[in-house]
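Novice: Chains as they are written, first to last, in my numbering: chain A, 801 to 1077; chain B, 7 to 356; chain C, 64 to 508.
The following block contains the structure, expressed as structure tokens.
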Amino acid sequence: MIEPLIILGSLGLLFGAGLYIASRVFHVSVDPRLERIESALPGANCGACGLAGCAGFARAIVHGSAEVVGCIPGGEAVSHLIADIMGVKAKEVDKQVAVLHCAGRDVADRFHYVGMKSCNAAALFQGGPKSCLYGCIRFGDCALACPFGAISMIDGFPVVDEGKCTACGKCVDACPKDLYDLRSLKKLVHVACRSRETGKATRSVCEVGCIACKKCETVCPFDAVHVSDNLAVIDYDKCTSCGKCVSECPTNTIRNFREERKAKGLWPVKVRHEKNV
Amino acid sequence: MIQQFPKTLIVGPGPHISGADSTSSIMWSVVIALVPAFIFSMANFGWYAGAVTITAVVSAVATEWAIQRMRKVSVTITDGSAAVTGLLLAFTLPPGVPLYVAALGSVFSIAVAKHAFGGLGMNIWNPALAGRAFISAAYSSALFMPKWPVLSSIFSGDIRTLDAVTMATPCAILQSDPAAIFQHYRLWDLFIGRIPGSIGETSALALLIGAAFLMVRKIIDWRLPVAYILTVALLVILFPVRAADGTIAGFWQASFWADPVFVLERSLAHALSGGLVMGAFFMATDMVTSPITKKGQAMFGAGCGVLVAVIRVYGGYPEGVCYSILLMNTVVWAIDNMTKPKFFGERAHA
Amino acid sequence: MRRTFKKGGVHPPDMKERTRDVPIAEFPAPALVMIPMAQHFGSPALPVVGAGDKVAKGQLIGKADGRMSANVHSSVSGKVLRLEEKFTPQGRACKTVVIENDNSGIWADEIPCGRDWRAMSPKEIVEAVAAGGVVGMGGAAFPAHVKLEPPHEKPIDTAILNGVECEPYLTIDHRLMVERAAEIITGLRIIAKAVAAKEMVVGIESNKPEALKAMNAAAAGGGIRVEALDVKYPQGGEKQLIAALTGREVPPGKLPFDVGCVVHNVGTAWAIFNAVAKCVPLIERPLTISGDAIERPANLMVPIGTPVGAVIEHCGLDQKVKKILSGGPMMGMAIADPTIPVVKGMSGILALKKVPHDISGPCIRCGRCIEVCPLGGIASEMARAIEAGAIVDYEHLHVFDCMECGSCSFVCPAGRNLVQYVRQAKEEASYRRELHRKQQAKKQI
């Protein structure tokens, strides 16, 4: 009875001592700030900062080659934490979200696609199966790419949960039709279409596509909307989210996100003040 | 004016023609190949053996359906893979096993050994054998009997009643007293299968008919089963054994070769007894749990053979087919790594 | 025993009977041709005409953009209507010149010409081939002049002509060899002169006895070896053909140059002959139109830029058609738009009623993809790595060395789209390289 206890106990002691010595002998001294920054980061390793994971970003900050506001998913809160650790002042971060520029839920197929159920794969076959060559292919590469679960396929169409979105930009990269943009949460009016086809051609395949009627252009008091190459494009430097173009748009292509964001408590955007250290 | 194309055209990646076989055609071919053994099992053990088999198959298919519904993946019970598992599991069980044991074994095979690892194609261990291993642990009394029944009245009798006589299986005799094997069984009986044993394993003849079909259909390759059985046959000759009087008998002694015909016949008896033929042609060749290259499959077969010989000659079990395959399943990844094909033109590099 | 390549390969059904003995007929130029600028491997050509310009047959309309590119010529005489973005059969969109045919058929200046190729230097030959916009006509559409200019440190000893045509249904190389054997053989001599190769070999699969006879007759006494090869797909792959004919293996990532070989398709040899000896650029190409949904299968000489719908109408289409393909059934691309134009690399148009079911189940590790891979790749592992996004494994699994012959998908019992996985991985890798390049450029600014 006593032998196993002695054997196991001494084995434990032996290995413990080995581990202790190893940790001492092979000890690598690190900047203590590195560890603190790493623990402040979200740890999703999403790569939105452009570096290899959160550890890489932390190293870059300590090294001075990255900005303290570089962590996009972490947003303001994390920037301030890092700024505290580094003893510098953080600038105000404008919270951004991904906006989908397509609303073509009812666009029909031109042909029956078989093969990998991936937008990027399907897009290589003459632009994909949808009649609108500019619109969503609906296989959900964006939802798969989103590391934060902010995009879900609802009835086979992607929907962004702006509360979860951290503007990491993975969906922007993933979409073969380039349908996502990162926009400030303060900007409420967006064009839900990317079609550069003529109005007639767009109309024939999609009820909510931009038909380039230019009504928005006429009605905008701030000269912020322009139809170029058959598509209404908003200049967000000028846009005040007044919503005039939204009510004028005959196809409901230009949409106002105000009510939706209000309901979720995302709007009005709470402006946090800069923190001085 | 140019020809318009119908809107129903299919667009997708090539190739736009395909070979004859599909997963389900392969699985159903295996089922067909097991039919001779199934018929023989009822000839040998009566109607109850058939009832055990059908219970196991139905239970396996039902479990597959339930789990696939639960996992919210598409239900693929018609592809035959669950039926194969149920069939093979039943074939490894004694003919008098209670029906609920067979059913539970199938549930374990499909639910734990297959779907817990991710379903078809992802399992590491042969599901049927894992199911058998489960039964041997959970219902060992149903599996480990000193005497096994064999039926005198073909097809009609009930194996659980007294018209069955019981005797030790060939494997048990080969382990305990190899010299006496031919006092109990003739080689011809071992080949035909009028011997006690598990439901599907006794008749080498019926199994070989099915195996020949699979080889003609190019579903199994000869290398694995041949490597497996030859290794066993060779090693049972080469392994020295300790006789009752404590002396060690081995192939290097002249006395060992006093009756060379007996030595070869005993080796053949090893090849034909127990589940070796069934294991070699139907269990070890399971595509999912065996190596992917031909070379790797031969290595796998030889490895199984070594384990069977060790277990049979020196081990505590009279039979080692089940565990030999399960153990080799475990190292398939290593065999795959060792037998990667050389890439085109790589030799020119070095 | 006849020769073939050693490793892997499959035997798809031949399906060539319906067009094997149909002579190549001239297809009249349509009222409208749409000529894409990207018909070849490499950078797209730069258009040198604009809307409203008058063009003559054979006139240059797209200039090669760099060395790895090819000239594009008008296949009809007429007026340029517009330049637009259009899909090519390869599935991508590119700049396309739309020309209205005036049916006058007037050739551009100095075409055709008569010149003695024997008097031309290798450099002049390469220039003539480049000027003629000749690209590989077997499918990959690799610019032909690049293959005629081996680097100095890599001497070429063997010029090989590829008359294998291992894709089912296609018979166009076969017909070309039967009908224009002399021109093809001359093309081979031109190629051999350009690369200074001593040996000349033609590889033809033994299921084309007529072509073998015609080519043997044309090559008689000229130091050219015409070899009958065992039938096996993908023998028409460059590396497989070299292995079958010379026993040499081109290492991964290397080119036929590296083992002293240059391989051209018989159609390319014919186009090289036209460009060098007759100054005629590549503006038309022979096509096989076949498949069970085609009512009158044919071999046709079709002007580049002709919409496939027009060609199919000429041959009659069964409306029960399920798939329309550009190229063969193994490596061809499915298309759905009748206005997609015929391009230089297109070897046939197939319309099929019977297509495989769209089953795509899990891998059952049967190992058949490994057995048939002519390169010794492990398609099942590649697909698994690609599915998991395990980019680190791509290199040692040779994902980028795959030539996408489709043998693995052909035999896969689970119906997995193995080739598509590989194509997707390559696509993603090039996208990432591009992204990286952009980021680097941004950093420098």
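The beta-carbon is built from N, C-alpha and C at its ideal position, and this holds for glycine as well.
Computed from a prediction, not measured in an experiment: that's the story for all the values here.
1. So which residues on chain A does Ala453 (chain C) lean against when the C-beta distance must stay under 7 Å?
2. In the DSSP assignment, the alpha helix (DSSP H) including Cys432 (chain C) goes from what residue to what residue?
3. Which ranges would you report for the alpha helix (DSSP H) in the segment 65-125 of chain C if only whole runs of at least 4 residues count?
4. Which residue from C:Pro319, C:Ala245, C:Gln298, C:Gly201 puts its Cα closest to that of Tyr220 (chain C)?
5. Give the secondary structure of Phe957 (chain A) by DSSP, where H, G and I count as helix, E and B as strand, and everything else as coil.
6. Give me the Cα-Cα distance between Tyr934 (chain A) and Ser1028 (chain A), rounded to the nearest whole angstrom.
7. Put Gln896 (chain A) into one of helix, strand or coil per three-state DSSP.
8. If contacts are defined as beta-carbon pairs under 8 Å, then Ile305 (chain C) and Ile223 (chain C) qualify, I think. What distance do you get, rounded to the angstrom?
9. List, in chain order, every chain A residue whose beta-carbon is nearer than 8 Å to that of Gln102 (chain C).
10. Which chain B residues are close to Pro762 (chain A), counting only those with a beta carbon under 8 Å from its beta carbon?
11. How far does the alpha helix (DSSP H) with Phe51 (chain B) in it reach, from first residue to last?
12. Can you name the start and end residues of the alpha helix (DSSP H) that Lys78 (chain B) belongs to?
13. Assuming Pro155 (chain B) and Thr175 (chain B) make a contact with CB atoms under 8 Å, what is their CB distance in whole Å?
14. Less than 9 Å between CB atoms is the rule here; does Ser918 (chain A) satisfy it with respect to chain C?
15. Out of A:Cys936, A:Leu881, A:Ala883, A:Ala898, which has the shortest C-alpha to C-alpha gap to Ala950 (chain A)?
16. Considering Cα atoms alone, identify which of B:Arg75, B:Asp85, B:Val67, B:Ala62 is closest to Pro100 (chain B).
17. With DSSP run on the structure shown, which of helix, strand or coil describes Tyr913 (chain A)?
18. If Thr1051 (chain A) sits next to Asn1030 (chain A), beta carbons under 8 Å apart, how far is it from one beta carbon to the other, in whole angstroms?
19. Rounded to whole angstroms, how far is the Cβ of Glu1096 (chain A) from the Cβ of Lys1015 (chain A), which I believe are closer than 8 Å?
20. Taking Glu1048 (chain A) as part of the alpha helix (DSSP H), name the residues at either end of that continuous run.
21. Can you check DSSP and say which residues form a bridge with Ile1034 (chain A)?
22. So Gly915 (chain A) contacts chain C; which residues on that side make the cut at Cβ distance below 9 Å?
23. Between which two residues does the alpha helix (DSSP H) containing Glu242 (chain C) stretch?
24. Identify whether Lys149 (chain C) lies in helix, strand or coil by the three-state DSSP scheme.
25. Taking Cβ positions, are Val111 (chain C) and Val474 (chain C) nearer each other than 9 Å?
26. Could you give the distance in angstroms between the alpha-carbon of Thr84 (chain B) and the alpha-carbon of Asn50 (chain B)?
27. What is the DSSP secondary structure of Asp128 (chain C), reduced to helix, strand or coil?
28. Would you call the segment 246-254 of chain C in contact with the segment 353-368 of chain C, where contact means no fewer than 3 C-beta pairs closer than 8 Å?
29. What are the boundary residues of the alpha helix (DSSP H) that Lys386 (chain C) is part of?
30. If we require 4 or more residues per run, which alpha helix (DSSP H) segments fall completely within the segment 305-337 of chain B?
31. Rounded to whole angstroms, what is the Cα-Cα separation between Ala260 (chain B) and Gly309 (chain B)?
32. Quick check on the burial criterion: 16 or more other C-beta atoms within 10 angstroms. Buried or exposed for Pro832 (chain A)?
33. When you measure from the CB of Tyr296 (chain C) to every non-hydrogen atom of the ligand GTP, does any distance come out below 8 Å?
34. Can you tell me the Cβ-Cβ gap for Val325 (chain C) and Lys210 (chain C), rounded? I've got them flagged as a contact below 8 Å.
35. Rounded to whole angstroms, how far is the Cβ of Ala1024 (chain A) from the Cβ of Cys1010 (chain A), which I believe are closer than 8 Å?
36. Enumerate, from N- to C-terminal direction, the unbroken alpha helix (DSSP H) stretches of 4 or more residues contained entirely within the segment 333-388 of chain C.
Specialist: The relevant details are as follows:
1. Correct list: empty, because the minimum Cβ distance to chain A is about 16 Å.
2. For Cys432 (chain C), the enclosing alpha helix (DSSP H) has its first and last residue at 431-435.
3. Counting only runs of 4+ residues, the alpha helix (DSSP H) found wholly inside the segment 65-125 of chain C occupies 80-83, in chain order.
4. For the record, residue 220 (chain C) in the displayed sequence is Asp; it is not Tyr. Comparing Cα positions, the closest option is C:Pro319.
5. strand
6. 15 Å
7. strand
8. 7 Å
9. Going along chain A, no residue has its Cβ under 8 Å from Gln102 (chain C), so there is no contact; the nearest lies around 16 Å.
10. A question about residue 762 (chain A) goes unanswered here, because the residues of chain A that appear run from 801 up to 1077.
11. 29-51
12. No alpha helix (DSSP H) contains Lys78 (chain B), which DSSP labels as neither H nor E.
13. Actually they do not touch by this definition, with Cβ atoms about 11 Å apart.
14. Judged by the 9 Å Cβ criterion, Ser918 (chain A) is in contact with chain C.
15. A:Ala898
16. B:Ala62
17. Tyr913 (chain A): strand per DSSP, three-state reduction.
18. In this structure Thr1051 (chain A) is not in contact with Asn1030 (chain A), their Cβ atoms being roughly 13 Å apart against a cut-off of 8 Å.
19. Residue 1096 (chain A) lies beyond the residue range present for chain A, which begins at 801 and ends at 1077; the question has no answer from this structure.
20. 1044-1048
21. Its beta-bridge partners are A:Val1025.
22. Asp421, Ser423, Asn480, Gln483
23. 235-242
24. Taken through DSSP and simplified to helix, strand or coil, Lys149 (chain C) comes out as strand.
25. no
26. 30 Å
27. coil
28. A contact between stretches requires three or more CB pairs, one per stretch, nearer than 8 Å, and the segment 246-254 of chain C fails this requirement with the segment 353-368 of chain C.
29. Note, Lys386 (chain C): premise wrong, no alpha helix (DSSP H); beta strand (DSSP E) at 386-389.
30. 327-336
31. Between the alpha carbons of Ala260 (chain B) and Gly309 (chain B) lies a gap of roughly 29 Å.
32. exposed
33. By its list of ligands, the structure shown contains no ligand whatsoever, and the ligand GTP lies outside what it can speak to.
34. Sure, about 6 Å apart at Cβ, within 8 Å.
35. Not really, about 16 Å apart at Cβ, beyond 8 Å.
36. Listed in chain order, they are 371-378.
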